[in-house]
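Sequences listed follow chains W and C, in order. Going from the first sequence to the working numbering is simple: count from 1 and add 37. Going from the second sequence to the working numbering is simple: count from 1 and add 1043. Yeah, the Cβ is synthetic: ideal placement off N, Cα and C, and Gly gets one too.
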Amino acid sequence: MNAIDSNAIDSGDTCRRPPVPWRLSGALADLEQAGESEFVRDLLDAFLQDTSTRLESMRKAAASTDLDALAACSHALKGSMLLMSADRLAELCRDIEQLAAGRKHRDYLAMVDQLDVVLRETREAMTFYADGLPRHHPPAPDHSR
Amino acid sequence: MRLLIADDDTVYRMFLGRELSKLGFEVVTACDGAGALAVLEDKAGPSLAILDWSMPGADGIEVCRRVRANSDGRYIYLLLLTARDTPADLIAGMGAGADDYLTKPVNMTELHLRVRAGCRILEFEERSRQLFDDAPIAYHETNTSGVIVRVNRAECRLLGCGAGEILGRRVWDFAVPAQVEKGMAVFQAAVEAPNQRMEDTELEMCGRNGDAVLVRLQQNQVRDSHGAVAGLRCTMLDITELRRQEELLKRQAADLARSNAELEQFAYVASHDLQEPLRMVASFTQLLAKRYAGKLDDKADEYIKYTVDGAKRMQQLIADLLALSRVGTKGGEFRDAPLAEVMSDVLVNLGPAIQESGAAVVQDSLPTVFADRGQMTQLLQNLIGNAIKFRDAKAPQVHISAAEAGDDWIVSVRDNGIGIAPEHAERVFQIFQRLHTRDQYPGTGIGLAVCRKIVERHGGKIWLDSTPGGGTTFHFTLHKCAPGTDESLR
């Protein structure tokens, strides 16, 4: 997989420098290179929307110490984070999943908060990147059953 | 081809959907296990599904299990999508019925290759299903209890039932009442047999409209990956008509044999019993001719001559008919018969004719054959006798030879006589068929019919090559040795 840093990201222009920890790479970079920028933008939008909902589920599970639900939510989040090359987020999710699955006593709420912080940074980076991409029409509706 | 993507992750649904649409798939999506099952339970639904392992409600593993358990004969290729990649996880996934798996994050090339592999398997499956359904022979598969789990159209036609009426029942449920126990027994024997393939069995089944259908049942074991019998794969060939025809042929053959035997017996008895009164007629007309020749008027002498001549001819005819019927009814045993010795007898018997005609009879080295020696003498005597009789102005030259032809000998009798026109080549072997008047060449027209009957009794055939004026060669075949005898040991 080739990691792509757009000119905007590595331009050295401090006022346009995106916050870490996210950079376009992997499958998304392949799509963008193939001229599918619009679809990449749709994926980023969907990811951000989906992740917010799932983070709330994680928070509820952590608050109620429902470790099974917490492990399942972390596992589910991890998949899409890896696909979106959000590696730092994926790492945090994996840690929470493994600890929760292993029934370890931890301050899971604090871990979810940490995840939230990194997610916000990632969201900022993604939004920054997405804003630079063309948007011709709203994302296609999802007709899943 | 329709393809299902079931994943609770919107991003994955979008991502995979986009990629697979580009490959030409008609993509359907579901965001949980219940949605996936609803899509896959539809008979016109997708035949390839990518299922996320972790989904709310029924997860991918559960969906795999339910799809396999509720199989309606249509095969659905299941590709499990998972971030779990330990051997234990993969074993659990494949054990639940998944055909293959993809690990997250998905590599595009791997996705394409695995989906294409699935398509190839589905194509093979479809071809095999069409072959199964369209096969002209009845075919079904059972589990180890005998319950039919798969049946093709030909079997539905044979039994006069729809697939729905056959599936779930046992083969012997369709046997005629008297054959139900046999059906159960042959099934059990096939399941317990140490060999995968059983001897074919005949079973009478209830066909459409309640008609009995005789089938030849072939049963083969289906074994699982551990080698244990998992069921039977069976074909049923409708042999009702075949058996009816066989029975008819048997009856006709028996009727024919009886009729032939009766005819032979009749010919034998008739000719034998006619001999005695005819001998009396011939004797007294000859006596009449001897005692009253020249004492009556010329007309009377002429009439007496005709009567004597007719009686002699009738005696010859009856003697020849008797010889013909004796070929079948009074034949001797088959044993080793050296043809060279047979020829010695023939030359003795034909001595006066050979001498009178100045014939030269030459023979090559002749083999020993498995035959009725007396009939061999009669056969060669008739052929050589004909060669001498049907001559022109030249002195007859007769050559007897033999050549090997596989398991047979071909014996040939060649002469330099008047020859036979090709259009008569078959006719000369028929009884009473003569090509010449009695004034030209005497005879009754039975000699070659006797030859053919002798050769056929020995399982051979007889034919001739000839050109008018260029001589004739008769050929006949004889077996080298008795059936089942090894020639090399002789």
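* Asked: Alpha carbon to alpha carbon, how far is L146(W) from R96(W)?
  -> 6 angstroms
* Asked: Among the residues of its own chain, which have a CB less than 7 angstroms from the CB of V155(W), if the five just before and after it don't count?
  -> P58, R125, L126 and L129
* Taking the runs of the alpha helix (DSSP H) that are 4 residues or longer, which of them lie wholly in the segment 128-170 of chain W? -> 145-168
* Alpha carbon to alpha carbon, what distance is there between G1078(C) and V1106(C)? -> 10 angstroms
* To do: Taking C-beta pairs closer than 9 angstroms, name the residues in chain W that K1147(C) reaches, listed in chain order.
  => K115, G116, S117, L119 and L120
* Asked: Closer than 8 angstroms, CB to CB, is T1187(C) near chain W or not?
  -> no
* Give a yes or no on whether 8 angstroms exceeds the smallest Cβ distance from A83(W) to chain C. => Yes, A83(W) lies at the interface with chain C (some Cβ there is under 8 angstroms from its Cβ).
* To do: Would you identify the three-state DSSP class for F1175(C), choosing helix, strand or coil?
  => Note: F1175(C) maps to helix in three-state DSSP.
* Going by DSSP, what residues sit across from G1274(C) in a beta bridge? -> N1186(C) and V1265(C)
* Can you grab the Cα-Cα spacing for the pair A109(W) / M1057(C), in whole Å? => Going by the C-alpha atoms only, they are around 21 angstroms apart.
* Asked: From L1080(C) to V1192(C), what distance separates their C-alpha atoms?
  -> 22 angstroms
* To do: Give a yes or no on whether the minimum CB-CB distance between T164(W) and chain C is below 8 angstroms.
  => Contact of T164(W) with chain C is not assigned, every C-beta pair being separated by 8 angstroms or more.
* Could you spell out the range, first to last residue, of the beta strand (DSSP E) harbouring L68(W)? => Not the beta strand (DSSP E): L68(W) falls in the alpha helix (DSSP H), residues G63 to Q70.
* Closest Cα partner of I1505(C) within the set G1512(C), G1513(C), C1494(C) and T1411(C) -> Selected option, being the one with the closest Cα: C1494(C).
* List the residues of chain C that L80(W) touches, going by C-beta distances under 8 angstroms, in chain order. => V1054, M1057 and F1058
* Asked: On the three-state DSSP scale, how would you describe E73(W)?
  -> Of the three classes helix, strand and coil, the one that applies to E73(W) here is coil, per DSSP.
* To do: Look at the Cβ atom of T1487(C), then the Cβ atom of D1363(C), and state whether they are nearer than 8 angstroms.
  => yes
* Which residues in chain C sit within 8 angstroms of G63(W), going by Cβ to Cβ distance? -> P1148
* To do: Run the CB neighbour count on D150(W), radius 10 Å, all protein chains shown included, and call it buried at 16 or more, exposed below.
  => exposed
* Does the distance from the CB of C1074(C) to the CB of D1051(C) come in under 8 angstroms? -> yes
* Where do the N-terminal and C-terminal ends of the alpha helix (DSSP H) with A1445(C) fall, by residue? -> No alpha helix (DSSP H) contains A1445(C), which is instead part of the beta strand (DSSP E) from Q1440 to A1448.
* Contacts around V1223(C), its chain only, beta-carbon distance under 6 angstroms, and the 5 residues preceding and following it disregarded -> W1215
* Asked: Which bits of chain W does D1051(C) rub up against, with CB to CB less than 7 angstroms?
  -> A113
* Any alpha helix (DSSP H) of 4 or more consecutive residues that is wholly inside the segment 1341-1428 of chain C -> Runs found: 1341-1372, 1382-1392 and 1394-1400.
* To do: For S1455(C), name the three-state secondary structure that DSSP assigns.
  => strand
* **6 angstroms CB neighbourhood of M1248(C) in its chain, flanking five on each side removed** => In its chain, beyond the 5 residues on either side, F1217, A1218, V1256 and V1258 have a beta carbon closer than 6 angstroms to the beta carbon of M1248(C).
* Taking the beta strand (DSSP E) that T1146(C) falls in, what are its first and last residues? -> D1143 to T1146
* Asked: Grouping DSSP H, G and I as helix and E and B as strand, with all else coil, what is H1479(C)?
  -> coil
* To do: Using the DSSP secondary-structure output, state which residues sit across from S1509(C) in a beta bridge.
  => T1515(C)
* Taking Cβ positions, are V1082(C) and L1047(C) nearer each other than 8 angstroms? -> yes
* Nonlocal neighbours in the same chain, by C-beta distance under 6 angstroms from L1478(C), ignoring five residues either side -> Cβ neighbours of L1478(C) beyond the five flanking positions: H1467.
* Does DSSP classify A1336(C) as helix, strand or coil? -> coil
* So which of A100(W), L136(W), E161(W) and E73(W) has the shortest CA-CA distance to A123(W)? -> E161(W)
* Return the first residue and the last residue of the beta strand (DSSP E) that A1092(C) is part of. => Membership of A1092(C) in the beta strand (DSSP E) is indicated by the continuous run L1091 to D1095.
* Asked: What does A109(W) touch in chain C if you count any residue whose Cβ is under 9 angstroms from its own?
  -> S1097 and P1099
* How far does the alpha helix (DSSP H) with C110(W) in it reach, from first residue to last? -> According to the DSSP assignment, C110(W) belongs to the alpha helix (DSSP H) that extends over L104 to L120.
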